[in-house]
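For the sequence shown, my numbering gives the first residue as 3, with consecutive numbering after it. Glycine included, C-beta positions come from ideal geometry on N, C-alpha and C. Before any comments, here is the structure.
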Amino acid sequence: MTISESLRRDIFDYFDIHNLFWAGRLEETEFLSRLYNLQGMPSHDARYSNAEQDIWQHRINNDDWQDNWILRDNRFGLLDDSDEKFLKFLCECLHPVVRSNPTEVEQLKDSFNLLLKDADYELVAKTSINGRSLYAAKRISPSTDTHLNALKGKFETADSDYLVRQITRMESAVNDDPGLAIGTAKELIESVCKTILDERGIDDYDSLELPKLVRLTVKELKLTPPDISDSAKAADSIKRILSNLVTITSGIAELRNSYGTGHGKSAKTKGLGARHARLAIGAASTLAVFLFETHKDR
């Protein structure tokens, strides 16, 4: 369960603070019947045989339950059950049958997403009906900031101010100057490899291009495929991943040569966007952390 109990409560508090009803323009039994088989669920009131009758009595006929009773009702599991169940409930709150005002739906969706961001989820339009969006939940990929923060955490304890400055440069440039960010991603891998080799007493690397520099570092760390025992679990998978390390660095080097900083370009040359910079940074940071952690572990 990624969505914590406190976050679930925060989302329902949002309904209270803004005087919004989770069931929208529907009766609660109507809304819940779209998600659950209420007639097949038990009643908490011994006078009634199922949840539908129970809810009708205490929310419509007598109205002696609090508005957010459903959050604490273990029949629905919204407080402590799966993320999928909770997210499906939120998506239903945005359904055009439930809410007729598109502006209200948009505001509610944005508020949900702001809160769900910490759990790496967001609600996105998947399809539409009569011009109105139907929403579904999706996981948010780890952000560039997450990669860069992980890198800083590794290198700030390594007395490597230059590496930290490179990371800071990528952070600043990723949106405003993708070419600089791509160029710095390549330089970061070079710096990490050289730092590792220096600390291992190897200095014959000045003439090496990036792919060969990475190969030398991988070899020194005994990470080349021949160093992986065939008896190791998932040996073939590990070997394939390690073989792809050099492919990753070759791709970053080519991106840098074509679009990054470091080479003059024609005035007609079109640069890449922030998403391409994030791709390069993500690949470079994953490789850099892996190599540096392996170096420190050995």
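Remark: fewer than three beta-carbon pairs, one from each stretch, lie closer than 8 Å, so the segment 57-64 and the segment 102-117 are not flagged as touching. Nearest neighbour of Ala279 by Cα position, chosen from Ile191, Asn259, Asp179, turns out to be Asp179.
Boundaries of the beta strand (DSSP E) around Lys140: 134-141. Nearest to Leu281 by alpha-carbon distance, out of Leu199, Gly185, Leu136, Asp299, is Gly185.
Pairing Trp24 with Cys95 gives a Cβ-Cβ distance under 7 Å. By the 16-neighbour rule on beta-carbons within 10 angstroms, His297 is buried.
Taking the Cα of Gly155 as reference, the smallest distance to any Cα among Ala290, Asn64, Ile13, Gly42 is reached at Ala290.
Put simply, of Ser252, Ala183, Cys195 the residue whose alpha carbon is nearest the alpha carbon of Ile283 is Ala183. A distance below 7 Å between beta-carbons, with the five flanking residues on each side excluded, links Leu247 to the following residues of its chain, in chain order: Val216, Val220, Leu289. Residue range 123-131 is occupied by the beta strand (DSSP E) that includes Leu125. In this structure, the CA atom of Val126 is about 20 Å from the CA atom of Phe14. Separation of Glu32 and Ile5 (C-alpha to C-alpha, rounded to the nearest whole angstrom) is 26 Å. In this chain, Ala48 is not harboured by any alpha helix (DSSP H), its DSSP state being neither H nor E.
Residue range 163-178 is occupied by the alpha helix (DSSP H) that includes Tyr164. Beta-carbon to beta-carbon, Tyr50 and Phe78 are separated by about 17 Å, too far to satisfy the 8 Å threshold. With fewer than 16 neighbouring CB atoms inside 10 Å of its own CB, Gly133 falls in the exposed class.
Looking at the backbone, the Cα of Glu124 and that of Ser209 are separated by about 47 Å.
A straight line joining the alpha-carbon of Phe17 with that of Arg277 spans about 35 Å. By the criterion of a C-beta distance shorter than 7 Å, Asp82 is surrounded in its chain by Glu7, once the five residues flanking it on both sides are discounted. Residues of the same chain with a CB within less than 8 Å of the CB of Leu218, apart from the 5 flanking positions on each side, are Cys195, Leu199, Ile204, Tyr207, Leu210 in chain order.
Close CB contacts of Pro98 within its chain, under the 7 Å cut and outside five residues either way in sequence, are with Ile131, Arg134 (chain order).
The DSSP-derived three-state label of Gln41 is helix. Pro44 and Glu54 have their alpha carbons spaced roughly 9 Å apart. DSSP, read as helix, strand or coil, puts Thr4 in coil. For the pair Leu244 and Leu225, the CB atoms are nearer than the 7 Å cut-off. DSSP places Asn115 in the helix class (H, G or I) of the three-state scheme. The Cβ-Cβ distance between Ala187 and Ala286 falls below 7 Å.
Here the C-alpha atom of Asp299 lies approximately 36 Å from the C-alpha atom of Asp85. In the DSSP annotation of this structure, the continuous segment of the alpha helix (DSSP H) that includes Lys221 starts and ends at 212-222. Straight through space, the alpha carbons of Thr197 and Asp12 are spaced by roughly 46 Å. Counting only the Cα atoms, Arg202 lies some 57 Å from Leu136.
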